[in-house]
Each structure stands twice: as structure tokens, then as C-alpha cells.
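In what follows, a structure is listed as C-alpha cells, so that the remarks can point back to it.
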Amino acid sequence: MTTEARTINEALAAFEHGQYKTVITLLTGQTDLSPEGLRVLGNAYVFSGHFEQAEEPLERSSRAGDAEGMVEYGNLLRLTGRLAEASTHFMEVTPKLSGELFLRAQRWWGTVDFLAGRTEMGLQRCEIAWHGYMALGDDELIGRVTQTIAQMHLTAGDLNRAGQLYQEAIRRLPLTDQPIFRISALGGLAEVQISLGEVKEARKTLDSTQEALQFTDSLKSHVHILSVEAEYYRLFGDQEKYTKILHELQSVVEDLQDFESSTWTAASLADLYSLRGDHSLAMETLYELAPEGHHPLVIATRGMLLRRRRLYGAAIEALQEALDSPRLESRAQLRSLLHLADAQAKNGDTEGAGTSLKLAMEGLLSARDLILYSPDITELSDLAQHALLEPDLSPYMEVLLGKLAVLMGRDSVPDNTALHLRIQTLGRAAVFKNGEEIKLSLQGSVLTLVYLALNPSSTRKELEATLYPDREGKTAGDYFRAVFRELRVKLGQEVLWMDGSPKSPHYRIGPGVHVDLDTEHLREALRSGDTARALSLYRGPFLPDSKMESDWVDDTREELRRSLSAELRSKLQKARDDGDLRRALLLANQSLKLDPGDLDMLETRVAVARLVASPQDLARYVVELQRQMS
Numbered sequence: 006m007t008t009e010a011r012t013i014n015e016a017l018a019a020f021e022h023g024q025y026k027t028v029i030t031l032l033t034g035q036t037d038l039s040p041e042g043l044r045v046l047g048n049a050y051v052f053s054g055h056f057e058q059a060e061e062p063l064e065r066s067s068r069a070g071d072a073e074g075m076v077e078y079g080n081l082l083r084l085t086g087r088l089a090e091a092s093t094h095f096m097e098v099t100p101k102l103s104g105e106l107f108l109r110a111q112r113w114w115g116t117v118d119f120l121a122g123r124t125e126m127g128l129q130r131c132e133i134a135w136h137g138y139m140a141l142g143d144d145e146l147i148g149r150v151t152q153t154i155a156q157m158h159l160t161a162g163d164l165n166r167a168g169q170l171y172q173e174a175i176r177r178l179p180l181t182d183q184p185i186f187r188i189s190a191l192g193g194l195a196e197v198q199i200s201l202g203e204v205k206e207a208r209k210t211l212d213s214t215q216e217a218l219q220f221t222d223s224l225k226s227h228v229h230i231l232s233v234e235a236e237y238y239r240l241f242g243d244q245e246k247y248t249k250i251l252h253e254l255q256s257v258v259e260d261l262q263d264f265e266s267s268t269w270t271a272a273s274l275a276d277l278y279s280l281r282g283d284h285s286l287a288m289e290t291l292y293e294l295a296p297e298g299h300h301p302l303v304i305a306t307r308g309m310l311l312r313r314r315r316l317y318g319a320a321i322e323a324l325q326e327a328l329d330s331p332r333l334e335s336r337a338q339l340r341s342l343l344h345l346a347d348a349q350a351k352n353g354d355t356e357g358a359g360t361s362l363k364l365a366m367e368g369l370l371s372a373r374d375l376i377l378y379s380p381d382i383t384e385l386s387d388l389a390q391h392a393l394l395e396p397d398l399s400p401y402m403e404v405l406l407g408k409l410a411v412l413m414g415r416d417s418v419p420d421n422t423a424l425h426l427r428i429q430t431l432g433r434a435a436v437f438k439n440g441e442e443i444k445l446s447l448q449g450s451v452l453t454l455v456y457l458a459l460n461p462s463s464t465r466k467e468l469e470a471t472l473y474p475d476r477e478g479k480t481a482g483d484y485f486r487a488v489f490r491e492l493r494v495k496l497g498q499e500v501l502w503m504d505g506s507p508k509s510p511h512y513r514i515g516p517g518v519h520v521d522l523d524t525e526h527l528r529e530a531l532r533s534g535d536t537a538r539a540l541s542l543y544r545g546p547f548l549p550d551s552k553m554e555s556d557w558v559d560d561t562r563e564e565l566r567r568s569l570s571a572e573l574r575s576k577l578q579k580a581r582d583d584g585d586l587r588r589a590l591l592l593a594n595q596s597l598k599l600d601p602g603d604l605d606m607l608e609t610r611v612a613v614a615r616l617v618a619s620p621q622d623l624a625r626y627v628v629e630l631q632r633q634m635s
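Following this note's numbering, the numbering of the sequence shown begins with 6 at its first residue and continues without gaps.
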């Protein structure tokens, strides 16, 4: 065996174990490397994340006729974002290939088509590769192409299918030999779990990637997991860690030269700087770090940055340009529609804003990854409030905000919580235990649970006097015992806790129970002036079906109604002062839903309607006012 052959064998052994730096050390400086040696060296550069250094050896290997070198050179063109070149290359070389290399070429060619917006063709090519690998019966190769198809389904928003495929890929991919493929599948599964709001599952998967990363020095794998970690912290409330990871990514991707990672990092950092008000730095970072200034994600991000600078005309132009591109992936499409609707509304195009917002909400309501959009909906609270006030849009937005409230409530549950209760009191009474509705037969059960959530450490006498004063003596005691028993039987022994003396115990919700109460969320929204969230939470009066003769229930019901009414009146007056009379009219209509007989508000609505409403609506408002006055 020649010296070169021995060196290449050593390099191949190191390559199979993910030790790419060792491969580069062994082969760099070798003169007259064979096409096989050039290909091994080039692949080591690719897998370690040094794409620029990979180009020369892979191109030479491909031109020298090394079949595997041809395939991997095409893959390098894909990784560096040169999709047209990659497509042309695969068109030329794939007919010359056979066996596993033909299947591998179909896999990478399909990925090129998918990234270029030819979604169906991309999936079709990858499925050809998948069927071919199934026929070969090689578990690891099946796992690799399964991971690629899973990534396509994730990008397209089909989270269920993506999750199933990632699980299948992980089952087939080894931990120690070529661990980068298992790491990629684990990272993809974590992305799916994050998108579904499965916080604990995502954290567990991300922790397992750290074990796999110990078996390789691949910079590309490291960057992939960092980007998933960043998204985890962005959504689940640790902005400091999110910022730190983005800055780490910025320093790494400049060396990595991975097209997709660089584009994502550029857009994410620019978005972060823009939200902080560093608008110049945001635009500078976007165009310095992104490898392609005309990429649709870069254009969409530019539109969002311009909207935040109140350059609405330019923002609309950029966002519409991005939305016209078939290369803009589904998540960026929905984000762009939301920001476009806001820019159109603030630019005076009410009709265009309504159309864009309706398209966005229709997409969001069917999206399994709804939680990913919560930061945008929070940022665009004015837009959400506008939608809640519009008769044609409010049904969509109410459902949307309700779904988000459930997701974000689930995400906020502490890790050490044994039991999660979500209690609905506005519009109807309902209790959900770990996401499942529990039917309670006694009205006093929900009432007692709510009171203890708001007033911990209450005595039995206080509960009886406040919640069921119509019952006295033994009757009240018997009823309380029945309530106590039902709550513990149906929700668990830990739901109610007693402390103090045995003769005069104090009752409270158990320490291992997390209570998510809509009443408290409503009060919080009103305190912060978040009218959109308050309207979405207020689905009707507090405990409307309660037959208990409780002053506390009546007082709480009236307090919440009055507080929301006062918030609407305040926002209505501000809208009139600002000259936004159409918004003032919408707020008047919303206020009258709370109190249809409010004469002052009926008169205000007519006064505003005379200036902005259609003749038909004005006539209807006048009739309703006259009916109330008579």
C-alpha cells in the first residue's frame, strides 16, 4: 500500500468518526492528491463548516471524474446558496450516476429545487431517493434522507409529519459514527417541539444534542443547534440568553459561510436591533451579514425594519416584493402579511390592511406553529385591537388570541408544578386540568376554587359567609364539605391545602398547583392598557350562570365590567382627540356590547357616526338611540 493510500485510509477512518480537523491535518499539504483524496479533503472542509476552502478540492475532484466528488460539489453549491449553478450541475451529472450516488444526487437536487421554490419537485426527488434507500436496506442512509424530507415538511409547516419523520430518522441514525446526521435530526425535532409549544420536550431534546456534539468537531452542527437554542430562548422569555446566542452565531457564521445559517442569523439580529430602536445598526447588520441582499427573507426583514421606522410606503413595497417570491417560506409569509397589514393601516390603506390581515389570520388559525408568531402579535397590538373592533375580522382575532393565551399559559407553568389548572370565569364557568375540561356538578366548586385563587388562606367561615350566604349553620357546613370533596376527588387531593389549627383551618390552593385564571389576566391587561387583550379575554360577564346569592360574585362581575368600560371610554376619547373617528366609532360599538342601554354612549356613537358612518349605519344608530330615549 502506498503512503498516500495509507494516509487516505487514516483520513477516511477519522472522517467516519466525525473528526474533520484530523482529516484536514492529514491531507492538507499533500501533493498530487487523487480525486478520491481531494473529495475526502473537500468533504471534511464542508462538514467542519469551511465552505470556501472546500470549493477547490471538490471542484477538482468533480472535474477529474470522481463520481462522489461530482455529487458533493453540487451539494456545496447548494450550501453556499448558488441554487441555479447547483441545479445546472445536477442536471449534467445525475444521468452519469448509478446506485447510491444516484440516490444521493436526487436527495441534494431535490433540496435545491425545494429551496428555489419548486416545492413539489423537490419533495418528489427526495422521495425517489427515499424509496431507493429503502430498497438498499441501509438504515443509516434511510435515516439521512428521512431527515432531509422531515426538514422540508418543517419548512412547509406540516409539523405532525415532520415530527414523525424526525423520530424515525433519529431511530436509524447512530450516535458515534457520523454523528452530524443524528444531531441534525435532533435539532429538527427540537424545532418541531418549540413550534408546538412543547417546552419541556424541546428542552430535553436540546440537552440530548449536547451529548451528540461531543462526538464531532463540526462547526455546521454547532451552528444549527445554536440557532435552535436561540429560538427556544426568544419564545420562552430569556432575552438575555437569546441575545448572547445571536452574538455568538454572528461571530461563527462569518467563518462558516453557510448560506441558510448566515441569512437566518442576519435577519434575526437585525430584527432584535430594530426592536430595541437601533435602526441604523439593524439595517447595517442585515446587509453586512446576509450573503444575498435579494433573498426574500432579507427583503421581508427590511420591510419590517422600515415599518418600525414609520417609513410605511417603503415598508409596503419591500413586504409585497418578498411575498411575491416563491422562495419565501411559510412562516416568513405570515409574519410579512401581519407587518404589511400594519404598514397599510398606518399608511391610510384601510381596505388593503383588512385584506392582508384577514389572509394572515386565516393562515395563523390553521398553523400548528402558532406560538412562533406570539412576539409579532404582541408587538402589533394596535393591529390586533383594530381587528377585534372590526365586525368582519373580530371572529378570527378572538379565536386567534384565545389559542395563543392557552399556549402561552401552558408555557408559563413552572417545571416543578404537579398540577396545572386553567379556570375560565368570563362568559362561562369551566375548569381544565392539564388541558382537559373537568365537569363539576356543584356551582360552589368553581366559585370556591376561584375565590381561593384570588384570596389564599381563607377560613371556612369566611368562605361560607362570602360565597354561599343563603345557606346557614349545618346546611352551609354540609354544602362546603360537598364542595371540598368534589374538588379533591375530581381535581386531585393536592388541589386544596389546609394549614393552621385543626379546629380553625385556613384553606388555600395547594403549593404544587399552578392556576391560570382568566380574571387575573383581564385585570393585568387593563392595568397595562392592553385593550386588544382585554377584549379577547372578556367573553362575557363573570360567572354568568351562578345562582349563588353572593355579593362577592355580583361585585366582582360589576367591577370587571366597569373597568373594561372605562378602558374603552378612555381609548375612545383618545381616538376622537387624535381625529381617528372611524376607530372611535368601533370603540363605541364595542362599549355598547357591555352596556346596550348606555345613553351617553349611544349619543356619542351617533355624533361620531354623523362624520364617518354610511347613511344606513347612521340611520340604525339613530333608531337605537331614539328607542332607548323613549
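Note that the Cβ used here is the ideal one computed from N, Cα and C, for glycine as well.
In this text the structure is predicted, and so the values were computed from the model without any measurement.
Under DSSP, residue 520 forms a beta bridge with 426. Note that the stretch 180-191 does not touch the stretch 350-361; fewer than 3 beta-carbon pairs, one per stretch, sit closer than 8 Å.
For the pair residue 188 and residue 214, the CB atoms are nearer than the 9 Å cut-off.
Look at the beta carbons and you see the stretch 538-554 touching the stretch 425-433: at least three pairs across the two are nearer than 8 Å.
Here residue 24 is buried. Its C-beta has 16 or more other C-beta atoms within 10 Å. In the DSSP assignment, residue 265 falls within the alpha helix (DSSP H) that extends over 264-280. Following the DSSP letters along the chain, one finds residue 26 inside the alpha helix (DSSP H) bounded by residues 25-32. A contact is defined here as three or more CB-CB pairs under 8 Å, and the stretch 164-176 fails this definition with respect to the stretch 335-347.
With 16 or more neighbouring CB atoms inside 10 Å of its own CB, residue 576 falls in the buried class. Rounded to whole angstroms, the separation of the alpha carbons of residue 316 and residue 580 is 22 Å. Boundaries of the beta strand (DSSP E) around residue 436: 435-438. Around the beta carbon of residue 634, fewer than 16 other beta carbons lie within 10 angstroms, which makes this residue exposed. Look at the stretch 536-593 and you find these whole runs of alpha helix (DSSP H), each 4 residues long or longer: 536-542, 556-582.
Around the beta-carbon of residue 260, fewer than 16 other beta-carbon atoms lie within 10 Å, marking it exposed. Comparing alpha carbon positions, the residue from 294, 534, 438 closest to residue 383 is 534.
Closest in alpha carbon position to residue 366, among 403, 74, 119, is 403. Judged by their CB atoms, residue 268 and residue 289 are not nearer to each other than the 9 Å cut-off. Straight through space, the alpha carbons of residue 167 and residue 197 are spaced by roughly 7 Å.
Assignment of residue 395 by DSSP, reduced to helix, strand and coil, places it in the coil class. Taking 8 Å as the upper bound for CB-CB distance, residue 201 and residue 164 are in contact here, some 6 Å apart. Taking the C-beta atoms as reference points, residue 41 is found nearer than 9 Å to residue 73.
About 6 Å separates the CB atoms of residue 145 and residue 177; that is less than 8 Å, so the two are in contact.
By the C-beta density criterion, residue 370 is exposed, having fewer than 16 other C-beta atoms within 10 angstroms.
Residue 431 sits in a strand when the DSSP states are folded into three classes. Collapsing the DSSP output to three states places residue 463 in a strand.
Relative to the Cα of residue 230, the nearest Cα in the group 211, 248, 222, 548 belongs to 211. Here the alpha carbon of residue 228 sits roughly 10 Å from the alpha carbon of residue 192. Per DSSP, reduced to three states, the secondary structure at residue 196 is helical.
The residue among 256, 207, 248, 209 with its C-alpha nearest the C-alpha of residue 224 is 256. Per the Cβ contact rule, the stretch 468-483 is not in contact with the stretch 437-447 (fewer than 3 Cβ pairs under 8 Å).
Residue environment analysis places residue 588 among the buried positions, since at least 16 neighbouring C-beta atoms fall within 10 angstroms of its C-beta. DSSP, read as helix, strand or coil, puts residue 442 in strand. Per the coordinates, the alpha-carbon of residue 148 lies some 43 Å from the alpha-carbon of residue 312. Nearest C-alpha to residue 493 among 451, 463, 530: 451. Between residue 557 and residue 464, the beta carbon gap of about 15 Å keeps them out of contact (Cβ cut-off 8 Å).
In the DSSP assignment, residue 147 falls within the unbroken alpha helix (DSSP H) covering 144-161.
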